[in-house]
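Structure first, commentary second.
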Amino acid sequence: MHKHHSALGLAASLRPVQPVTLLRPHAAARAARFFVEKFQGRSMYAVKANPSPDLIQILWDSGITHYDVASIAEVRLVAGILPDAVLCFMHPVKAEEAIAEAYFDHGVRTFSLDSIEELEKIERATKGATDLNLCVRMRVSSDMSKLSLASKFGVEQSEARELLQRTRQVADALGICFHVGSQAMSPSAYVQAMERVRAAIVAAAVTVDIIDVGGGFPSVYPGMEPPALEAYFAAIHQMFESLPISYSAELWCEPGRALCAEYASLLVRVERRRGDELYINDGAYGALFDAAHIGWRFPVKLLREPDSNVRDMAFSFYGPTCDDMDRMAGPFMLPADVGPGDYIEIGMLGAYGCAMRTGFNGFTAGERVIMSDEPMASLYLGEDEDREAVPSNVIKL
Ligand SMILES: *Cc1c(COP(=O)(O)O)cnc(C)c1O
1 MHKHHSALGL
11 AASLRPVQPV
21 TLLRPHAAAR
31 AARFFVEKFQ
41 GRSMYAVKAN
51 PSPDLIQILW
61 DSGITHYDVA
71 SIAEVRLVAG
81 ILPDAVLCFM
91 HPVKAEEAIA
101 EAYFDHGVRT
111 FSLDSIEELE
121 KIERATKGAT
131 DLNLCVRMRV
141 SSDMSKLSLA
151 SKFGVEQSEA
161 RELLQRTRQV
171 ADALGICFHV
181 GSQAMSPSAY
191 VQAMERVRAA
201 IVAAAVTVDI
211 IDVGGGFPSV
221 YPGMEPPALE
231 AYFAAIHQMF
241 ESLPISYSAE
251 LWCEPGRALC
261 AEYASLLVRV
271 ERRRGDELYI
281 NDGAYGALFD
291 AAHIGWRFPV
301 KLLREPDSNV
311 RDMAFSFYGP
321 TCDDMDRMAG
331 PFMLPADVGP
341 GDYIEIGMLG
351 AYGCAMRTGF
361 NGFTAGERVI
371 MSDEPMASLY
381 LGEDEDREAV
391 PSNVIKL
């Protein structure tokens, strides 16, 4: 299959009218191998970060065998692509019908919960199954993360004891899981969360078989440069070794962002300039939801030949829809002479970018192409490289 070697060459030769998604399978494969080789436990992919079938296949081919799914549609999706994958249904509030279908039709045995009601629901839906891995989701702090996940789910420390004891009576394997929030900027986020887990285990005096430290592993964005992932893995493993748990207990993690952020970027065109505002052809209802709604900053690069030699200045973006909210504040640093007709690459959109695209106002995704060049930023560069894992059903330009 033909692969493109540079975003600049692609923009110059094709001058696409619609935004183009640039896919880098080698970057996703490299991230997956990194987790498989260096995290001392089981790494399962959190599908919501990017449910692209191509990506799911790439991760499988690179050694990811377990998938964290949160809806029955995600269960069906992964089961359809990878019949041999192990699916873990890690949403603490599920429809009873979804639990039953997952258990009886798709062989799902691992579920999370954060209340007695959900435990009873799981018991009913699985008709009192005795082969369940049940993970109690604990509430932990999101203080060290860029995106909080601390309010919606998780049992409070004070209620964990009863829930752990009740769940122990139902579960074949009892787990404890948590999520420190997305883009955790320090390994100590996991250490503090695991201290809470320790206290809960001691208070409940139950045998725990699985410690699942969830997602939150960071990627790299402008103004957000995290420590090396090895430092996270080492801190987690050290804490795991010190917990009062079954000698055969397993350590799991659920990376979403860290496995797929580098997988995709976006090629957009400037349609208009008004002062320091650029009107581009993708936005808040496309792949830039996080840039619009939570002020996330992504790396940008002007793709022009010859390159501009004008100094950079700060721009904000407007997306293509007629909605005032379709605005990305940035700041995005680009040469001061950027204008209509210019192409810009917006990097690191593989996680929670492409996944949240809508068709609002008639602005849909353009084509997707495979690139062989490196992502605009990487946590894994210098790791061993394998450029062969290319999905087969991606549209070629
Ligand atoms: C979203 C989510 C993840 C993935 O989080 P990242 O920050 O993308 O790593 C993992 N586990 C659960 C339960 C989630 O909801």
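Using this note's numbering, read the sequence shown as starting at 1 and increasing by one per residue.
Backbone N, C-alpha and C define an ideal beta-carbon position, used for all residues, glycine too.
#### Entry: Coil, strand or helix - Q192 by DSSP
Taking the first residue of the sequence shown as 1, we reach residue 192 at position 192. Correct three-state label for Q192: helix.
#### Entry: Beta-carbon contacts of L8 that lie in its chain and below 7 Å, excluding the five residues immediately before and after
Indexing the sequence shown from 1 puts residue 8 at position 8. So the list reads L303 and E305, once near-sequence residues are dropped.
### Other residues of its chain near S378: CB distance less than 6 Å, five sequence neighbours each side excluded
If you number the sequence shown from 1, residue 378 lands on position 378. Within the same chain, S378 has close Cβ partners E262.
### Message
Between the alpha carbons of F34 and C322, how many angstroms are there, rounded?
### Response
Position 34 of the sequence shown holds residue 34. Position 322 of the sequence shown holds residue 322. Between F34 and C322, the C-alpha separation is close to 42 Å.
### Query
In the structure shown, what three-state DSSP assignment does C177 receive?
Mapped onto the sequence shown, residue 177 falls at position 177. Under the three-state reduction of DSSP, C177 is assigned to strand.
#### Entry: Among E97, Q57 and A98, nearest to D84 - alpha-carbon criterion
Against the sequence shown, residue 84 aligns to sequence position 84. Taking only the C-alpha atoms, the option nearest D84 is Q57.
### Beta-carbon proximity list for A314, same chain, < 8 Å, skipping 5 on both sides
Within the sequence shown, numbered from 1, the residue matching residue 314 stands at position 314. The answer, listed in chain order, is D276, G330, P331, F332 and M333.
### Task
May I have the straight-line CA-CA distance separating V136 from L174, to the nearest angstrom?
Here residue 136 corresponds to residue number 136 of the sequence shown, with the count starting at 1. Here residue 174 corresponds to residue number 174 of the sequence shown, with the count starting at 1. Near 8 Å, if we compare the C-alpha coordinates of L174 and V136.
### Query
Out of curiosity, what's the CA-to-CA distance linking I72 and L55?
Here the question's residue 72 lines up with position 72 in the sequence shown. Here the question's residue 55 lines up with position 55 in the sequence shown. Those two C-alpha atoms are separated by around 19 Å.
### Query
So the beta strand (DSSP E) H66 belongs to, where does it begin and stop?
Along the sequence shown, one-based indexing puts residue 66 at 66. Looking at the DSSP string, the run of the beta strand (DSSP E) that includes H66 is H66 to V69.
#### Entry: Assumed close pair E254, G214 - CB separation to whole angstroms, cut-off 8 Å
Within the sequence shown, residue 254 is the residue found at index 254, counting from 1. Within the sequence shown, residue 214 is the residue found at index 214, counting from 1. Correct: roughly 5 Å between the Cβ atoms.
### Task
Please specify which runs of the alpha helix (DSSP H), each continuous and at least 4 residues long, are wholly inside the stretch 132 to 186, giving them in chain order.
Listed in chain order, they are 157 to 170.
### Message
Out of G223, A11, S188 and A203, which one is the CA nearest neighbour of S158?
### Response
Taking the sequence shown and counting its residues from 1, one reaches residue 158 at position 158. The option with the nearest alpha carbon to S158 is A203.
### Task
For M328, collect the residues of the same chain with a Cβ closer than 6 Å to its Cβ; drop the 5 residues on either side in sequence, then sort them by chain order.
Here residue 328 corresponds to residue number 328 of the sequence shown, with the count starting at 1. So the qualifying residues of the chain are L288, A291, A292 and F317.
### Between the CA atoms of A200 and P216 - distance to the nearest angstrom
Counting from 1 along the sequence shown, the entry for residue 216 is found at position 216. Counting from 1 along the sequence shown, the entry for residue 200 is found at position 200. According to the sequence provided, residue 216 is Gly. The question's Pro does not apply to it. Approximately 21 Å between the Cα atoms of the pair.
### Task
Run through the stretch 241 to 321 for me and flag every whole beta strand (DSSP E) of 3 or more residues, listed as ranges in chain order.
250 to 253, 264 to 274, 277 to 280, 300 to 303 and 312 to 318
### Task
For V220, name the three-state secondary structure that DSSP assigns.
Reading the sequence shown from its first residue, position 220 is the one you call residue 220. Three-state DSSP puts V220 in coil, outside helix and strand.
### Task
Return helix, strand or coil for E345, following the three-state DSSP convention.
Here residue 345 refers to the residue found at position 345 of the sequence shown. Reduced to three states, the DSSP call for E345 is strand.
### Query
What's the gap between the Cα of G350 and the Cα of A284?
The residue you call residue 350 lines up with position 350 of the sequence shown. The residue you call residue 284 lines up with position 284 of the sequence shown. Each residue's alpha carbon lies about 15 Å from the other.
### Query
For the beta strand (DSSP E) that R42 lies in, which residues bound it at each end?
For the purposes of this step, residue 42 is taken as the residue at position 42 of the sequence shown. First-last of the beta strand (DSSP E) with R42: R42 to A46.
### Task
Flag this pair as yes or no: are the beta carbons of L147 and S182 separated by less than 7 Å?
Working through the sequence shown from its first residue, we reach residue 147 at position 147. Working through the sequence shown from its first residue, we reach residue 182 at position 182. Yes. Within cutoff.
### Query
Do you know how far the Cα of A193 is from the Cα of E156?
On the sequence shown, residue 156 is found 156 positions in, with the first residue counted as 1. On the sequence shown, residue 193 is found 193 positions in, with the first residue counted as 1. About 12 Å.
### Task
Jot down the residue ranges of each uninterrupted beta strand (DSSP E) in the stretch 70 to 99, minimum 3 residues, whole runs only, in chain order.
86 to 89
### Query
M90 and S145 look like a contact to me (Cβ under 8 Å); what is the Cβ gap, rounded to whole Å?
Taking the sequence shown and counting its residues from 1, one reaches residue 90 at position 90. Taking the sequence shown and counting its residues from 1, one reaches residue 145 at position 145. Actually they are not in contact, since the Cβ atoms of M90 and S145 sit about 18 Å apart, beyond 8 Å.
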